[in-house]
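Position 318 of the sequence shown, counted from 1, bears residue number 337 in our numbering, the numbering being contiguous throughout.
All C-beta atoms, glycine included, are put in the ideal place defined by N, C-alpha and C.
Some notes on the structure that comes next.
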Amino acid sequence: MRLRTTAKPLMKLAIFILFIGLNADVFGQSDSYKDEIEQLSKKELIKSAFQYIEQIDSKTTEDLIMLTEIPAPPFKEERRAEKYKEMLREAGADSVWIDEVGNVLGLRKGSEGEKTVALNGHLDTVFPEETDVTVKMRGDTLYAPGIGDDSRGLMVALTVLRAMEHENIQTRDDVIFVGTVGEEGLGDLRGVKHLFSESGPGIDSWIAVDGGSIGRIVNQALGSHRYRVTFEGPGGHSWGSFGLANPAHALGRAMHYFSLEADKFTSDGPRTSYNVGRINGGTSVNSIPFETWMEVDMRSVSNESLEQIDEIFQEAMLKALDKENEMRRRGPELTVDIEMIGDRPSGEIESSNPLVQRAMATAQYFGSDPSLTRSSTDSNIPISLDIPAVTIGRGGAGGNGHSLNEWWLNKDGHLAIQRALLLVVSEAVLSQ
């Protein structure tokens, strides 16, 4: 009996320790930022803005549907960009423009304007141009490719601007509302890379809206390297030209050599992954291919580990090329082209950073337990440059992202917009 009575408190203690371990960053939350957000939320201007966001909720949903039904396939975001530019202008931004790479920017000037806070959603989807993006409603649920990721993110940003304008909320710092291109896949963050280049507008704090729940806060960037590897040779008949170096055989060797060494490397140390996602090539079963290719994805929480697995990958590709060329009995050697098609850096903004603290405090204000996490989003670039950046959730309920039956339900969706407004105004500093 004594064992049974002591086991319960011990189990509770173990569970509590595990909870602390999983939520260590939450327990590092500063009371001063909680108090700041609490006081800001009591301002009449902010309360009125919250009410306005709820009042125009049906308009926000109508515009979400309209924006979703404008196709924005990879590298072809122009139509949606033009519409979003028009919407930012109508919402009251002081100046609106589309930059050299296709990002849409709407600037709302602050009373001092010494710093700039950005609120961002991305314009592009993962779907090809011919995809049917018509929004269908079943009950209260909206179904369409891209309805959540990230059309809803764009609408969160736009509605924050509408509310700030309607209530004449003045901030000390400039606020810039951004629709970025190239967030998905082979877009390789080209929009946000441009924003933080020497040609960019000079952004001091970055808030992206991408992902679901209010409580999830991305302050850690998951880095990745992506390659397309192409082996090429003369090609020929499988019988008549037998003995030529075979690009398909070289590709198989390359995958084999790479996976053997990459498996050893990823067995310990900082979490790192590798994947061959696509392979293609050849013309028929009885032809030696003149070309074969594959696309490879490597990710790591550590930039150093990412560079190391990249070296393993490069060595495996060259080893495969050499071995296949050694085996050829006639004809020219194979060649290999190793093209980098994606480069996203890792990094982390400390949980003690004011922006991260405010993101946690605003999530908690709206009843969500804040959780700091790692992902690959537009925030990767500012995070890697040690510029304060977080990615916050779009709210509501949703699922099946990156699929044709993606869905989003407006279940208290206004809360995510109110949270985004509170975070932006706290970061940009209310000047009234």
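Any contact of the segment 274 to 289 with the segment 327 to 335, i.e. 3+ C-beta pairs under 8 angstroms? Verdict: yes, contact present.
*Rounded C-alpha distance that separates Glu133 from Ala416*: The C-alpha of Glu133 lies about 37 angstroms from the C-alpha of Ala416.
Confirm, please, whether the CB-CB distance from Met174 to Thr87 is below 7 angstroms. No; because the gap between Cβ atoms is not below 7 angstroms, this pair is not in contact.
Can you give me the C-alpha to C-alpha distance between Asn399 and Pro364, rounded to a whole angstrom? Computed Cα separation, rounded: 6 angstroms.
Exercise for review: Give the single residue among Thr150, Trp426, Glu343 whose Cα lies nearest to the Cα of Met156.
Suggested key: The option with the nearest alpha carbon to Met156 is Trp426.
task: Take the Cβ of Met313 as the centre, count every other Cβ of all protein chains shown within 10 Å, and call the residue buried at 16 or more, exposed below.
output: In the assembly as shown, Met313 is a buried residue. Its beta-carbon has 16 or more other beta-carbons within 10 Å.
Integer-rounded CB distance, given that Thr381 should sit under 8 angstroms from Asp490 = No information on residue 490 is available, as it lies outside the stretch 20 to 451 that the chain covers here.
*Alpha carbon to alpha carbon, how far is Gly386 from Lys61? Give it in angstroms, no decimals.*
About 16 angstroms.
Which of the three DSSP states, helix, strand or coil, is assigned to Lys430? Three-state DSSP puts Lys430 in coil, outside helix and strand.
* Asked: How many Å lie between Val443 and Ala408 at the Cα?
  -> Per the coordinates, the alpha-carbon of Val443 lies some 12 angstroms from the alpha-carbon of Ala408.
Through-space distance from Glu326 to Gly301, alpha-carbon basis:
In this model, Gly301 and Glu326 are separated by some 32 angstroms (Cα to Cα).
Applying the criterion that 16 or more other CB atoms from any shown protein chain within 10 Å of the CB defines a buried residue, is Phe215 buried or exposed? Under this definition Phe215 is a buried residue.
- prompt: What are the residues that DSSP puts in a beta bridge with Val237?
  reply: DSSP lists Thr392, Thr410 as the beta-bridge partner residues of Val237.
Quick check: what's the CA-CA separation for Leu124 versus Pro308? Taking the straight line from one Cα to the other gives about 47 angstroms.
May I ask you to report which of helix, strand or coil DSSP gives Thr79? Thr79 falls in the helix class under three-state DSSP.
**Message:** Residues in the same chain with beta-carbon distance under 8 angstroms from Arg209, minus the five sequence neighbours each way, listed in chain order, please.
**Reply:** If we look at Arg209 and ignore the five residues flanking it on each side, its Cβ neighbours are Val120, Val200, Gly201.
Pick helix, strand or coil for Gly172, following the three-state DSSP scheme.
Annotated three-state conformation of Gly172 is helix, per DSSP.
| Going by Cα to Cα distance, which pick from Asp431, Thr410, Ser49 is closest to Ala227? | Answer by Cα proximity: Thr410.
Taking all protein chains shown into account, decide if Thr102 is buried (16 or more other Cβ within 10 angstroms of its Cβ) or exposed. In the sequence on display, residue 102 carries Lys and not Thr. Classification of Lys102: buried, given that the 10 Å Cβ count is 16 or more.
Please confirm whether Arg245 and Ile360 have their CB atoms less than 7 angstroms apart. If you check the CB distance, Arg245 and Ile360 come in under 7 angstroms.
Looking at C-alpha atoms only, which residue of Glu148, His433, Ile56, Ser114 is the closest neighbour of Pro164?
Of the residues Glu148, His433, Ile56, Ser114, the one whose Cα lies closest to the Cα of Pro164 is Glu148.
Exercise. With DSSP as the reference, label Ile436 as helix, strand or coil.
Key: In the three-state DSSP reduction, Ile436 falls in the helix class (H, G or I).
CB-CB under 6 angstroms to Lys338, same chain, minus the five flanking residues each way: which ones, in chain order?
The beta carbon of Lys338 sits closer than 6 angstroms to those of Tyr276, all from its chain and outside the five residues before and after it, given in chain order.
How is the beta strand (DSSP E) around Val320 delimited, first residue to last?
Per DSSP, Val320 belongs to no beta strand (DSSP E) and is neither H nor E.
What are the start and end residues of each continuous alpha helix (DSSP H) run of 4 or more residues lying completely inside the segment 73 to 146, in chain order? Qualifying alpha helix (DSSP H) stretches, in chain order: 76 to 87, 97 to 110.
From this set, Gln74, Asp118, Ser170, His421, which residue's C-alpha is nearest Ile84's C-alpha? Nearest of Gln74, Asp118, Ser170, His421 to Ile84, Cα basis: Ser170.
Less than 8 angstroms between C-beta atoms, sequence neighbours within five positions excluded: which residues of the same chain meet that for Arg98? Only Ile89, Pro90, Ala91 meet the Cβ criterion.
### Query
To the nearest angstrom, how far is it from the Cα of Ser403 to the Cα of Ser321?
CA-to-CA, the gap between Ser403 and Ser321 works out to about 11 angstroms.
Check your understanding: If you run the structure through DSSP and keep just helix, strand and coil, what is Val443?
Key -> Note: Val443 maps to helix in three-state DSSP.
Original post:
Hey, how far is the Cα of Val295 from the Cα of Glu280?
Top reply: A straight line joining the alpha-carbon of Val295 with that of Glu280 spans about 14 angstroms.
*Bridge partners - Val315, DSSP secondary structure assignment*: Within the DSSP bridge table, the entry for Val315 names Tyr246, Val295 as partners.
Under 7 angstroms, do Ser257 and Thr291 count as touching if we go by C-beta distance?
In this structure, Thr291 does not lie closer than 7 angstroms to Ser257 by Cβ.
Discussion item. Tell me the residue span of the alpha helix (DSSP H) that contains Asp151.
Written reply: In the DSSP annotation of this structure, Asp151 is not part of any alpha helix (DSSP H), being labelled neither H nor E.
State the start and end residues of the unbroken alpha helix (DSSP H) segment that holds Glu55. Note, Glu55: alpha helix (DSSP H), 50 to 60.
Write down the C-beta distance between Ala176 and Leu440 rounded to the nearest angstrom, noting that I regard them as a contact closer than 8 angstroms.
-> For Ala176 against Leu440, the beta-carbon gap comes to about 10 angstroms, at or over 8 angstroms, which does not count as contact.
Does the distance from the CB of Thr190 to the CB of Ser450 come in under 7 angstroms?
Yes, the Cβ-Cβ distance between Thr190 and Ser450 is below 7 angstroms.
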